[in-house]
Each structure stands twice: as structure tokens, then as C-alpha cells.
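Protein chains in written order, with the working numbering: chain A, 1 to 305; chain B, 1001 to 1305.
Each residue gets a CB set at the ideal place from its N, CA and C atoms; glycine is no exception.
Here the structure is a predicted model, which means the values were calculated and not measured.
Worksheet for the structure shown next.
Number of protein chains: 2
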Amino acid sequence: MSKLVIVGTIAFDAIETPFGKTDKILGGAATFIGLAASQFNTDAALVSIVGGDFPESYLNLLRSKNLNLDGVEIVPDGKTFFWSGKYHLDMNSRDTLVTELNTLADFNPVVPQEYRDAKIVMLGNLHPMVQLSVIQQMSTRPDLVILDTMNFWMDSALDDLMTVIKEIDVITINDEEARQLTGEYSLVVAARKIRAMGPKYVVIKKGEHGALLFNNEEIFFAPALPLEEVFDPTGAGDTFAGGFAGYLAQAQEINFDVMKQAVIYGSCLASFCVEKFGTERMQDLPKEEIKQRLEQFKKLTHFKI
Amino acid sequence: MSKLVIVGTIAFDAIETPFGKTDKILGGAATFIGLAASQFNTDAALVSIVGGDFPESYLNLLRSKNLNLDGVEIVPDGKTFFWSGKYHLDMNSRDTLVTELNTLADFNPVVPQEYRDAKIVMLGNLHPMVQLSVIQQMSTRPDLVILDTMNFWMDSALDDLMTVIKEIDVITINDEEARQLTGEYSLVVAARKIRAMGPKYVVIKKGEHGALLFNNEEIFFAPALPLEEVFDPTGAGDTFAGGFAGYLAQAQEINFDVMKQAVIYGSCLASFCVEKFGTERMQDLPKEEIKQRLEQFKKLTHFKI
């Protein structure tokens, strides 16, 4: 089984949407990425940090999905990263109410020895220098290093971000961030400029408007599934990344057709994620439902002319 | 050849975009719809009104595309409808600078006798009562009545709009308007509510984010082609409608698969429209280029899983 290293936050989230409100529940980029990737036949390890307040039951949930947690540092007298946010009525924008970095402030990810030859490395959104340190720990060059980032690092650590971007193969970024990073409004032009910074593949996430995959002059578009109701968008982008990375980890080879499939799997899993609060929908998602939804994606987009 | 009746404005447009500025050029919904529909093997008639200031050369351009102009009233001492707008940097929003209704204020469309048995009627954006009067002139019920409208009529003539919506088969509307008309944020729910108002098919246009087609529980999504540069979005929605209606006019039968193809043709033609100012790109568009672009749409969206 191919190895997949997933680096990112494991967190407590408290979420408020027009549909309801949660107390502190399981969240974090690595959590969502891991749960999505666990749908595929791959040997995935999470690299993250939590505090002594993090419930054993959450760790057991992740373990039950065959996610290796040797790289998850537990700081007994520390507190787990906490994020709280409130979504606006349109669910496309949100206000961050609380960000407590806690143990995350001192996060120095250590990739377990037996995962340093992993085929795929998925770097969740973190400080670019933390992301870079993971790449440098690998004993062999992974087939693919995938990086997720956000505008916060463009504002506060652009030089570092540009340094790590040089070293990666795939970047996942949202449309506004792609525009901010390049100063280009056209996503076609923005993707070309980002590819010139390093990554061969650029995935631009447009939330409810789908995702675009760029490579050389090839473009692929995956819609988001039109849903009756988006209950909670938290983790949708990370779930997309997890489905994308998980699919690629178990693929026989990497080419544009396989990347297209990975984008569809990512979109498919993200469409489940938003149906319930936090990780609820992803904790117990039958393969049969995924298969049915992939068919829905096909019906939604395919035509004969 | 199947007959297609196109009702809407023929206008002068003056457009300002970040790329440049035009004097009064050829514009109007019926113009864009007609030019797009003229790409198909159909007998199309425009029903509209212009003033004595409207150049014979523009009329000849439309005639040269085999568009019947018997239903275009020319008011010798009147002035042609004039619209002027300025697009913002993102090209998704615009300010209307000038709207001079002129002859349009007294527009009473008269469908020429020989087109009153048309297979398809495409009602461009106009006062709902003007749209209704066209339906009432038809001697036989058309296979499809397609209606385009906008938020302006929801604000100022909602009851009239609801009256005409009852009588139609297909509505094309943008996402914000669908939300305004139904009070629903989810486009899936909004489309269902609109179908309950009358039309069997609902097409929701999302501009650069593509278009959705709804019928019963079936959904189809056509992306907008990602472009290097959107030069001028004026007329893109009408060009979409014209491609959609033109394709349906020459189709052997109407079913969901054919509707899907019509949406793709509409999206394809709209992707050309935005490449130049006004109608420039649509005035002389080789069939070979359309064919190539349809292949691009296929490559953009099709995948194997």
C-alpha cells in the first residue's frame, strides 16, 4: 500500500450556522484530510499536535479509520488548537470569532521514520516554513507534494510561501487567493503564473462554484454538486484535498486523466462533508453512497454532441 | 425549417470596460439572441422596434444572417432604445450610466402572420405584459416558450411576471434573480419553487460560473469556458439564450438530453460573445470554430471513473 503523509492541524471547532450551533467538536485540516483519504486503499499517517485536553475518543476515531497517529504529538499540559466561526446566511462567507493557537504555536512536525519515503505528501494549511520543514524531512523525493495555503500567509509570510511553492508539485488554492497571489483576475492567467512559481498542477477551488485543475495548457473543471442545503461548509476544502490526495496515493500512475479523477473524488467527498456539522458526515460514510454520488457527478456534467 | 420567433430589444449600446470604450454600437437582446440563433438551421424572425436613427447597415447585417425582420417596427421620427454601461474591474458587475427607452416605451410587438405557428418562441427581457401579448398572438401553442427576465420586473411588476411565468415552458434567469424570486438561497430549492410557478425547465445562469438546467429531479451543469480574458460581457446572457433557443428550434425532439446539448451550445456561443466588444465576435463566427470549442467543453468536463 502506498504511503501518504498528511500534515496539518487537529483542532476543536465551535461552529455557528443559520441551522444551528455546536460546542467544541472535532475539527482541523489534518482531521478532515485524513477522514477523506481514509476512503482509499492507502497507508496514511497524520502529522500534527494536540494538547492533553484532546479526548482519547477522537484519537480512537482517527485510528479506527486506519490513520497512523505516530506523528501526532500530544502535549500533556498544553491545550489543543481552537477555532470558532460563524457563517453568514449565504454560507459563502464567515467571521472568525476565536482563534486560540495553543500548542499549535510551537508545532514542529516530525514525520515518523517509516513514512519518510511516502509516495504522496499532503501539506495542509500551516506556516509555509513549517510546510517546508516536512518536505526536507523526506528521505526520498515523494511522487507528489501537494500544498494547501491561504491568503493569511500571502499577507504575513509571502517570501516564505514563495520558497515552499518552488518545492511542490500541486497547489490547492481558492479563487480569491489565486487572484491575490498573482494580481490577475483571469483564473487561466493566474494559474499560468502560479505554475511558473513551481507547481506543475494548480487546483483552484471555487467553493459552491466547483474547482478547476490546470496543467500546461490543459484545463479540467469539476462542479460542486448542487445541494438542497449546505448545512456546514467547515472542512469542505480540506475534505476535497483529502479525497484528491487519497485517490492519487492509491493510483497506479499520475497523469492528467488520473488528476481529473482525483478532483472529482475530492469534489464528491466534499459534497458529503457539508451535509452535517463538522466531521459528522465523514465519520461513517459508506462506499456505496460515494459510488452513487460519483454517478451523479457524471450525469451532472456529461453530454453527447 | 422550424420557425423561431425572437422578441426583444434592438438597441444602441455604449460600453466601457477596463479594456476600452465604444461609441454607440449595435446591441439589444433580440440582436444577440438572433445572431446566436442564426448559427442553426432554423427560420428565425425578430420582433422588435427601432427609430429612424437606426442604420440600414445594421438591419442589413441582421438580414444577411437570414433573420426575418418583418416584425421589426421602424418609427421614422423616433429614436432607438439606448443603453450605456460601465463594467467594474472584475467584469462581473456593472453600472448603468444611461437608459433611454425612446421608441421602446411604446413597443407593442406584432408577430408576423406567417410566424404565428412557430415551434419556438424566445421572449427576451421585456415587460412581462409585453411578453404575454406575444404568447397570446400565437395561432398554435408553440412546442416551447422560453422566457428571459430580470430583477427589475420582480421589483416593479411582480404580479405581471407571475402571470406570464405560468404560461411558459422554460425560464432563463440568473442566480441572484432566482434567489430573489423565491426567497431561497439553495438553487436546487429555488429551481423547484420556480417550476411550481409554471415552467417545466429552469435554466439558472451564473455568468463566469456557468449555468444549471433543472427539470423534475434532473440537473445538468454547463461550465463557462475559462478564458484568458473577458473583454466585454455585454450580450453574453442573450447569446446564451439565442444558442439555446436556436439549437432547440432545429432539434428533432425536445427531451432532457437535447436540452443539455442546447445549454452547452448556449454556453459555447456565449464564450465567443465576450471575446470582443458588443456583437463584433458574433457577426462572423465560422462553424468550424464553434465545433472546436464544443470539443473544448467536452474535454473540460468529461472524465472516466
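- Sixteen is the threshold: when 16 or more other Cβ atoms of the shown chains lie within 10 Å of the Cβ of residue 44 (chain A), as they do, the residue is buried.
- At a cut-off of 8 Å between beta carbons, residue 1087 (chain B) makes no contact with chain A.
- Non-local beta-carbon contacts of residue 1095 (chain B) in its own chain, meaning distances under 6 Å to residues more than five positions away in sequence, involve 1086 in chain order.
- Taken in chain order, the unbroken stretches of beta strand (DSSP E) that lie wholly in the region 44 to 86 of chain A and span 3 residues or more are 68 to 75.
- For residue 1007 (chain B), there is no enclosing alpha helix (DSSP H); the residue is part of the beta strand (DSSP E) that begins and ends at 1003 to 1007.
- Assigned with DSSP and collapsed to three states, residue 1157 (chain B) falls in coil, not helix or strand.
- Residue pairing by DSSP places residue 122 (chain A) opposite A:6, A:146 in a beta bridge.
- Straight through space, the alpha carbons of residue 165 (chain A) and residue 1264 (chain B) are spaced by roughly 36 Å.
- Contact of residue 1090 (chain B) with chain A is assigned, a C-beta pair being separated by under 8 Å.
- Straight across, the Cα-Cα distance linking residue 1021 (chain B) with residue 1089 (chain B) is about 14 Å.
- At a Cβ-Cβ threshold of 8 Å, residue 124 (chain A) and residue 148 (chain A) count as neighbours.
- Taking a contact to require three or more Cβ pairs closer than 8 Å, the region 1239 to 1249 of chain B and the region 1027 to 1042 of chain B qualify as touching.
- Contact between residue 67 (chain A) and residue 81 (chain A) does not hold, since the beta-carbon distance rounds to 18 Å and is not under 8 Å.
- The Cβ atoms of residue 1007 (chain B) and residue 1134 (chain B) sit closer than 8 Å to each other.
- Across the structure, residue 154 (chain A) and residue 48 (chain A) are spaced so that their CA atoms are roughly 22 Å apart.
- The continuous alpha helix (DSSP H) containing residue 243 (chain A) extends over residues 236 to 249.
- Among the residues of the region 1211 to 1232 of chain B, those with a Cβ less than 7 Å away from any Cβ of chain A are 1212, 1219, 1220, 1221, 1223, 1226, 1227, 1228, 1229, in the order of the chain.
- Residue 1015 (chain B) is a Cβ neighbour of residue 1234 (chain B), given a cutoff of 8 Å.
- In the three-state DSSP reduction, residue 151 (chain A) falls in the helix class (H, G or I).
- Contacts with chain A (Cβ-Cβ distance below 9 Å) from the region 1249 to 1261 of chain B involve 1257, 1260, 1261, listed in chain order.
- Residue pairing from DSSP places residue 96 (chain A) in a beta bridge opposite A:85.
- By the C-beta density criterion, residue 281 (chain A) is buried, having at least 16 other C-beta atoms within 10 angstroms.
- Beta-bridge partners assigned by DSSP to residue 13 (chain A): A:25, A:83.
- Per the coordinates, the alpha-carbon of residue 30 (chain A) lies some 52 Å from the alpha-carbon of residue 1159 (chain B).
- Under DSSP, the beta-bridge partners assigned to residue 218 (chain A) are A:215.
- DSSP places residue 1265 (chain B) inside the alpha helix (DSSP H), whose first and last residues are 1256 to 1273.
- Boundaries of the beta strand (DSSP E) around residue 1203 (chain B): 1201 to 1205.
- Assignment of beta-bridge partners to residue 1170 (chain B) by DSSP yields B:1146, B:1201.
- Distance from the CA of residue 219 (chain A) to the CA of residue 1293 (chain B), rounded to the nearest whole angstrom, comes to 13 Å.
- When only Cα atoms are considered, residue 1059 (chain B) and residue 1226 (chain B) end up about 33 Å apart.
- Of all residues in the region 1195 to 1209 of chain B, the ones placed with a Cβ closer than 8 Å to any Cβ belonging to chain A are 1206, 1209, in chain order.
- Against chain B, a Cβ distance below 8 Å from residue 264 (chain A) picks out 1303, 1305.
- Spatial neighbours of residue 174 (chain A) in its own chain (CB-CB distance under 6 Å, excluding positions within 5 residues in sequence) are listed in chain order as 205.
- Annotation for residue 1133 (chain B): the continuous alpha helix (DSSP H) segment containing it runs 1128 to 1137.
- At a cut-off of 8 Å, the C-beta of residue 1186 (chain B) has a neighbouring C-beta in chain A.
- For residue 1300 (chain B), the nearest beta carbon of chain A is closer than 8 Å to its own beta carbon.
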